[in-house]
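Some notes on the structure that comes next.
Numbering (the numbering used here), first residue to last: 23 to 339.
Here it is, written out as structure tokens:
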């Protein structure tokens, strides 16, 4: 979910609501001209914040290190606090992800995989444990600085695309670069090169509602990778796609890791989707129950291995 509070200054200056902004509400030209400089300064300042979270060169070979992470949720409706009123959504989870790898987290609904992804995304904080991204312990980041950290270090690909319908495909991708103050003359060649790799160069002038779901999801990939994040977090990214579009997206993920040195962590419940990863972590009842590395296996063999692993986990636990 994007941080919509960033657009509050824009709405305040223009005298419209957030819903009107994203619906493309007509804004009086004189009002826009009068407030343009103030709007731009306020929005960019809010988005960029300070420079405290600039990327740091890290000695570790891992972009992500999760150590003994647990998340306990308390039942706020309970009258008396007891152990029975708490839910241990993530239980003592530890793993590492090297740079330029494509890792999947598999599990049924309620297994804790989405909660774990939210902890890594700084959307929530763990009850115990540490999470390091490029050497930085993100658990220690103050609440008011987490949005800034996400913008500078994380990329996101969601099932729902999360594109702005009032912007073209090109403008959706360019927005992240503009906010990072990349010179305008550098933005177009960057987007053109990446869009050709992703097969969306012919639709850059179209709006999201004018293209297919698969094309929108590849646009979301371009938006995520173009700012060179430390890691891309993908939450059920193929959930709204047909089988052909899903395969195209997963091939795109593999290409981004191979040619752009991207690191991708993907949550999925689908075996076919998981078979495209280099490594799979299996979650059940908030715990990592096992892992599989693809090695040099083809997708068909890895698919069969995943099914066997799931059968073993379900039967053994």
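Here a beta-carbon is modelled for each residue, glycine too, at the ideal position from N, C-alpha and C.
It should be emphasised that the depicted structure is a prediction, and the values quoted were computed from it without experimental measurement.
In the three-state DSSP reduction, residue 333 falls in the helix class (H, G or I). For residue 309, same chain residues with a beta-carbon under 6 Å away, outside a window of 5 residues either side, are 113 in chain order. The DSSP assignment places 235-247 and 265-282 as complete runs of the alpha helix (DSSP H) inside the stretch 207-288, in order along the chain (cut-off: 4 residues).
Rounded to whole angstroms, the gap between the alpha carbons of residue 325 and residue 298 is 9 Å. The alpha carbon of residue 202 has as its nearest neighbour, out of 291, 312, 250 and 115, the alpha carbon of 250. With a cut-off of 8 Å on Cβ pairs, the stretch 218-227 is in contact with the stretch 186-205, counting three or more such pairs.
Within the stretch 131-171, the complete beta strand (DSSP E) runs of at least 3 residues fall at 150-155.
Taken through DSSP and simplified to helix, strand or coil, residue 300 comes out as coil. Taking each of 236, 117 and 159 in turn and checking the Cα distance to residue 274, the smallest one comes out for 236.
Counting only the Cα atoms, residue 161 lies some 31 Å from residue 240.
In the same chain as residue 133, and ignoring 5 residues on each side of it, the C-beta atoms closer than 6 Å to its own belong to 305 and 306, in chain order.
Cβ neighbours of residue 180 within its own chain (closer than 6 Å, five residues either side excluded): 257.
Check the Cα spacing between residue 183 and each of 243, 329 and 131: the tightest is with 243. Counting the other Cβ atoms within 10 Å of the Cβ of residue 200 gives fewer than 16, which makes it exposed. Secondary structure of residue 309 (DSSP, three-state): strand.
Taking residue 227 as the centre and dropping the five residues before and after it, the same chain places the C-beta of 190 and 192 closer than 7 Å to its C-beta, in chain order.
Counting only residues of its own chain and dropping the five nearest sequence neighbours on each side, residue 173 has no CB closer than 6 Å to any other CB. Here the alpha carbon of residue 282 sits roughly 21 Å from the alpha carbon of residue 289.
The beta carbons of residue 255 and residue 127 sit no closer together than 8 Å. Ranked by how close their Cα comes to the Cα of residue 154, the residues 124, 169, 316 and 116 have 116 in first place. Straight across, the Cα-Cα distance linking residue 139 with residue 95 is about 16 Å.
Look at residue 118 here: in three-state DSSP terms it is strand.
Annotation for residue 194: the continuous alpha helix (DSSP H) segment containing it runs 191-201. Counting every other CB atom within 10 Å of its CB across the protein chains shown gives residue 337 a total below 16, marking it as exposed.
With at least 16 other beta carbons inside 10 angstroms of its own, residue 156 counts as buried. Per DSSP, residue 127 is one residue of the beta strand (DSSP E) stretching across 124-128. Comparing C-alpha distances from residue 122 to each of 147, 90, 145 and 83 shows the shortest one belongs to 83. Cα atoms of residue 152 and residue 334: separation of roughly 30 Å, rounded to the nearest angstrom.
Distance check between residue 136 and each of 267, 291 and 311 places 291 closest, using alpha-carbon atoms only.
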